[in-house]
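Take a look at the structure below.
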Amino acid sequence: MDINNVERFFSVLNDSTELIRKELDSTYIEALIETGENILDDGDIHVENGLPGEEAQKQLIDIYSRLTLASLTPEERKQAIQLILIKAAKEDLLQPNHQPTPDAIGIIFSYLIELLYDFDQPAHIADLSVGTGNLMYTLFSNLESSKNKFRFTGVDNDDLLISLTSTLAALLGMPIELMHQDALQPLLMDPADIMLSDLPVGYYPIELEGNTFRTSFEEGYSYSHFLLVEQGLNYLKEDGLALYLMPTSTFESEEVKGLLSFIQSTGYVQGFIHLPNEWFKNKQSRKSILIVQKKGEKSRQAKEVLIATSPSLSNKEAFKTFLMDIKKWKKEQGIK
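In my numbering, the protein residues as written are 284 to 619.
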């Protein structure tokens with residue numbers, strides 16, 4: 284990877300986005316989508332109602348001429364897109380649940396998938412709260428080089444984020460099926476082999492009637508992150524793998540008993556991976572990855588649930604040992 288190419292691509296994306304934002308009086312993300320589509324159209328500029336103006340169009344043509352997508356490696360594209368997402372989140376003051384999942388977390392997800400999932404055919408990976416898509420982009424970038432084949436599906440009810448994900452995935456050359464809808468409504472989606480999510484934390488703004496979800500509360504609003512775990516398992520194949528990122532404090536709450544009770548009725552809690560302490564400002568903001576396997580002919584409950592804390596990726600020797608320990612645990616437990 285050439286860091287100069289990363290910087291050049293970021294500069295093209297940012298400079299053109301800033302220009303379009305000013306011309307259209309739009310948000311940063313709206314302008315980023317516009318410029319992404321222009322780049323995908325070989326630099327042809329979308330003009331509506333005379334905007335962007337002629338002078339801005341000339342400037343955009345000059346910006347787009349700085350490089351071509353074909354001159355960039357997939358890794359260079361991915362790094363620039365991560366940087367532009369961080370910029371977009373700051374510029375548009377994205378709420379916490381819409382913040383892009385950091386690449387480092389996505390890399391850990393990638394390793395867990397390769398270590399824990401037994402590939403006997405192309406795997407369908409789904410995310411029911413895809414958001415800006417960065418978790419999926421990281422998986423695509425890290426798993427694409429493996430011998431295994433994947434297809435991706437993302438669901439989100441935010442039309443702007445779905446549009447952003449569609450555009451950025453196209454810039455990466457990543458095939459993904461995107462569904463713009465409430466993930467807690469019935470989904471016209473093929474069951475997934477691997478279900479994962481950086482779960483949005485909070486209350487689902489609609490009171491659920493009847494027995495729609497077993498993780499819903501009897502009165503008032505229910506936790507959206509609990510409901511999404513349940514919905515994810517509903518659309519997961521038998522023996523499938525689910526990885527959910529959520530606050531570590533969730534597992535210390537009284538309410539989590541209901542979630543674990545549901546999981547144990549349809550699957551197995553196989554592990555908890557706590558992310559490095561130094562990645563978080565304080566104890567309250569720490570996050571962990573919940574590892575679940577759906578019941579099936581091949582799966583069974585591990586005799587010893589995996590509980591581990593990941594070292595930082597920068598500590599290469601410790602991280603290598605961490606991965607070897609997980610591989611050893613899987614073999615000892617006979618997990619399929």
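Cβ coordinates follow ideal geometry from the N, Cα and C atoms, glycine included.
Top-ranked residue by Cα proximity to residue i, from the options
| i | options | result |
| --- | --- | --- |
| Tyr-527 | Lys-603, Thr-300 and Phe-509 | Phe-509 |
| Ala-591 | Met-607, Leu-451 and Ser-548 | Met-607 |
| Gln-342 | Ala-363, Pro-383, Leu-307 and Ser-299 | Ser-299 |
| Ala-409 | Asp-403, Ala-466 and Tyr-394 | Ala-466 |
| Lys-305 | Val-289, Pro-385, Leu-334 and Ile-489 | Leu-334 |
| Lys-610 | Glu-501, Met-478 and Ile-396 | Ile-396 |
| Glu-290 | Thr-310, Asn-321 and Leu-366 | Leu-366 |
| Arg-497 | Glu-580, Gly-485, Val-512 and Tyr-486 | Val-512 |
| Trp-612 | Leu-451, Pro-594 and Glu-587 | Glu-587 |
| Thr-384 | Gln-616, Trp-562, Ala-406 and Ala-601 | Trp-562 |
| Ser-424 | Thr-549, Asp-308, Thr-495 and Thr-356 | Thr-356 |
| Ala-387 | Asn-598, Gln-340, Ile-312 and Leu-302 | Asn-598 |
| Gly-319 | Asp-308, Lys-570, Gln-468 and Leu-368 | Leu-368 |
| Leu-444 | Tyr-311, Ile-303 and Gln-616 | Tyr-311 |
| Asp-345 | Ile-364, Asp-325, His-557 and Asp-403 | Asp-325 |
| Phe-435 | Asp-401, Met-472 and Ser-446 | Met-472 |
| Gln-378 | Leu-307, Val-484, Asp-327 and Leu-454 | Val-484 |
| Gln-362 | Lys-581, Glu-537 and Gly-389 | Gly-389 |
| Asp-403 | Ala-372, Glu-301, Lys-581 and Asn-565 | Lys-581 |
Contact check, residue i vs residue j, beta carbons under 9 Å
| i | j | result |
| --- | --- | --- |
| Leu-459 | Ile-572 | Correcting the residue type first, residue 459 is Ile in the shown sequence and not Leu. Contact: no. |
| Met-419 | Leu-482 | no |
| Leu-519 | Pro-559 | no |
| Leu-524 | Leu-399 | yes |
| Thr-351 | Ser-393 | no |
| Phe-292 | Glu-374 | no |
| Phe-555 | Leu-589 | yes |
| Gly-437 | Thr-448 | yes |
| Ile-574 | Val-539 | no |
| Tyr-347 | Ile-316 | no |
| Leu-411 | Ser-480 | yes |
| Leu-451 | Met-462 | no |
| Ser-294 | Ile-303 | no |
| Arg-583 | Ser-532 | no |
Presumed contact (8 Å Cβ cut-off) between residue i and residue j, rounded CB distance
| i | j | result |
| --- | --- | --- |
| Gly-414 | His-381 | 6 Å |
| Ile-618 | Ala-585 | 6 Å |
| Asn-297 | Lys-370 | 6 Å |
| Lys-577 | Glu-521 | 6 Å |
| Leu-516 | Gly-550 | 6 Å |
| Asp-364 | Leu-491 | The displayed chain sequence assigns Ile, not Asp, to residue 364. Their Cβ separation, rounded to whole angstroms, is 36 Å, which puts Ile-364 and Leu-491 out of contact at 8 Å. |
| His-557 | Ser-593 | 7 Å |
| Tyr-486 | Ser-499 | Actually they do not touch by this definition, with Cβ atoms about 11 Å apart. |
The ligand COA heavy atom lying under 8 Å from the CB of residue i
| i | result |
| --- | --- |
| Val-330 | Because no ligand of any kind appears in the structure shown, any question about the ligand COA cannot be addressed here. |
Residue environment, residue i, which counts as buried when at least 16 other CB atoms sit within 10 Å
| i | result |
| --- | --- |
| Glu-338 | exposed |
| Trp-329 | Trp is not the amino acid found at residue 329; the sequence shown has His there. Exposed, because fewer than 16 other Cβ atoms sit within 10 Å of the Cβ of His-329. |
| Gln-514 | buried |
| Arg-349 | exposed |
| Asp-285 | exposed |
| Thr-604 | exposed |
| Ser-507 | buried |
| Gln-567 | exposed |
| Asp-439 | buried |
| Ile-477 | buried |
| Asp-442 | exposed |
| Ala-314 | buried |
| Lys-432 | exposed |
| Ser-354 | exposed |
| Ile-489 | exposed |
Those residues which DSSP pairs with residue i across a bridge
| i | result |
| --- | --- |
| Ala-525 | Met-478 and Val-575 |
| His-557 | Ser-571 and Thr-592 |
| Glu-331 | Leu-334 |
| Phe-563 | Bridge partners of Phe-563: none, in fact. |
| Glu-460 | Thr-436 |
| Leu-519 | Ala-475 |
| Pro-530 | Lys-570 |
| Gly-550 | Lys-577 |
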